[in-house]
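One structure below.
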Amino acid sequence: MIILKQINKFFETEEVQTQALKNINLEVQEGEFIAIMGPSGCGKSTLLNVIGLLESPSSGNYLLDGDEVANFKESQRTNLRKGNIGFVFQNFHLINQLTVSENIALPLAYLDLNKSDRKKKVEEVLDRLKISHRRDHYPQQLSGGQQQRVGICRAVVSNPKLILADEPTGNLDSKNGKEVMELLTELNKQGATIIMVTHSQRDANYAHRVISLLDGEIVTEVENEIELF
Numbered sequence: 001m002i003i004l005k006q007i008n009k010f011f012e013t014e015e016v017q018t019q020a021l022k023n024i025n026l027e028v029q030e031g032e033f034i035a036i037m038g039p040s041g042c043g044k045s046t047l048l049n050v051i052g053l054l055e056s057p058s059s060g061n062y063l064l065d066g067d068e069v070a071n072f073k074e075s076q077r078t079n080l081r082k083g084n085i086g087f088v089f090q091n092f093h094l095i096n097q098l099t100v101s102e103n104i105a106l107p108l109a110y111l112d113l114n115k116s117d118r119k120k121k122v123e124e125v126l127d128r129l130k131i132s133h134r135r136d137h138y139p140q141q142l143s144g145g146q147q148q149r150v151g152i153c154r155a156v157v158s159n160p161k162l163i164l165a166d167e168p169t170g171n172l173d174s175k176n177g178k179e180v181m182e183l184l185t186e187l188n189k190q191g192a193t194i195i196m197v198t199h200s201q202r203d204a205n206y207a208h209r210v211i212s213l214l215d216g217e218i219v220t221e222v223e224n225e226i227e228l229f
């Protein structure tokens, strides 16, 4: 599904050039659950942004479902993200002025769906993730765990092939964090490919494979044999 070959990423200011990713080689198969770990500033989020087509690499090859996308223009990357990639953020990124249902429906605005079909998809994902009783509430009326559940609903409402999660439990207590990880695990069992950035070894234990970064380079790659609960 994903093949990265010799991916490099540089950020430049007037005086300094910083290399955020160094010769990244990585393959992710459809249906895998991958965790990316490493200290702050090691390139985890940059790698996730490149995979999610939010940023383009400075050099290297990126094959997504067999298509070379490394040199796509912004408009091409935007079109490819629609319906294909779902994002889960540490800070939820919900819009306070919109209800739960309206927040979840946002990605569907970019797809060719009528109002009835959009509503049906939102209802399906609300039921699937067991938060339909909150459909008319606003984000500020929800707990952190509930807000992240809504964020995950928004990420999967368009049935994307790939879910990218950046520290999905970073702002949650251990109980809500565990619930979010179990939810991501269930989505993976249902067929979603998940790539997650995390500082938490406990969260990483839910993944099939753990990639460790240091100074922009992959330093270890470990298969998980731990089965939780």
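When you line the sequence shown up against the UniProt record's numbering, it's residues 1 to 229, in that order.
Every residue gets a Cβ at the ideal spot worked out from N, C-alpha and C, and that includes glycine.
Exercise for the section: Express the C-alpha separation of K178 and V125 in angstroms, rounding to a whole number. Expected result: C-alpha separation (whole angstroms): 20 Å.
Practice task
Starting from R209, trace the alpha helix (DSSP H) both ways and give me its first and last residue.
Solution key: Careful: R209 lies outside any alpha helix (DSSP H), inside the beta strand (DSSP E) at 209-214.
Problem - Supposed close pair L213, V222 - CB separation, criterion 8 Å - result: About 13 Å separates the beta carbon of L213 from that of V222, a gap too long to meet the 8 Å contact definition.
Practice task
In angstroms with no decimal places, state the Cα-to-Cα distance between T99 and E68.
Solution key: Their backbone Cα atoms lie some 38 Å apart in a straight line.
Handout entry: Residue closest to I152, alpha-carbon to alpha-carbon, out of Y138, K130, Q140
Key = Closest option to I152, judged by alpha-carbon separation, among Y138, K130, Q140: K130.
Handout entry: Cβ pair V50, P57 closer than 8 Å
Key = For V50 and P57, yes; Cβs fall inside 8 Å.
Exercise for the section: For K9, name the three-state secondary structure that DSSP assigns. Expected result: Correct three-state label for K9: strand.
Handout entry: contact_flag[the segment 143-150, the segment 170-187] where n(CB pairs < 8 Å) is 3 or more
Key = Yes, since at least three Cβ pairs between the segment 143-150 and the segment 170-187 fall closer than 8 Å, the two stretches touch.
Problem - Sequence-distant residues of the same chain with beta carbon closer than 7 Å to L94, five excluded per side - result: Non-local C-beta neighbours of L94 in its own chain, meaning closer than 7 Å and more than five positions away in sequence, comprise N103, P139, Q147, V150, G151, ordered along the chain.
Handout entry: Option in Q19, K121, N8, Q17 with minimal Cα separation from L26
Key = A check of alpha carbon separations from L26 across Q19, K121, N8, Q17 identifies N8 as the nearest.
Handout entry: Close beta carbons around Q76, own chain, < 8 Å, minus the five adjacent residues each side
Key = Closer than 8 Å at the Cβ level, and outside the excluded window around Q76, lie V69.
Practice task
Reducing DSSP to helix, strand and coil, say where residue 266 ends up.
Solution key: This structure leaves residue 266 out entirely; the chain is present only between 1 and 229.
Exercise for the section: On the DSSP bridge assignment, give the partners of I198 in chain order. Expected result: Here the sequence assigns Thr to residue 198, which means Ile is not the residue at that position. For T198, which the question treats as bridged, DSSP gives no partner whatsoever.
Handout entry: Burial state of F33, where buried means 16 or more other Cβ atoms lie within 10 Å
Key = Classification for F33: buried.
Exercise for the section: Rounded to whole angstroms, what's the CA-CA distance from K22 to S116? Just pull it up for me. Expected result: K22 and S116: Cα-Cα distance of roughly 47 Å.
Practice task
Can you say whether S158 is buried or exposed, counting buried as having 16 or more other CB atoms within 10 angstroms of its CB?
Solution key: S158 counts as buried, since at least 16 other C-beta atoms from the protein chains shown sit within 10 angstroms of its C-beta.
Problem - Between the CA atoms of E14 and L164 - distance to the nearest angstrom - result: A direct Cα-to-Cα measurement between L164 and E14 gives close to 32 Å.
Practice task
Can you have a look at G66 and say buried or exposed, based on whether 16 or more other CB atoms are within 10 angstroms of its CB?
Solution key: Flag for G66 reads exposed.
Exercise for the section: With a threshold of 16 other CB atoms inside 10 Å of the CB of L111, please say whether the residue is buried or exposed. Expected result: By the neighbour-count criterion, in which a residue is buried when 16 or more other Cβ atoms sit within 10 angstroms of its Cβ, L111 is exposed.
Problem - Straight-line Cα distance separating S132 from F10 - result: C-alpha separation (whole angstroms): 43 Å.
Practice task
Can you tell me which of the three DSSP states G66 falls into?
Solution key: Three-state result, G66: coil.
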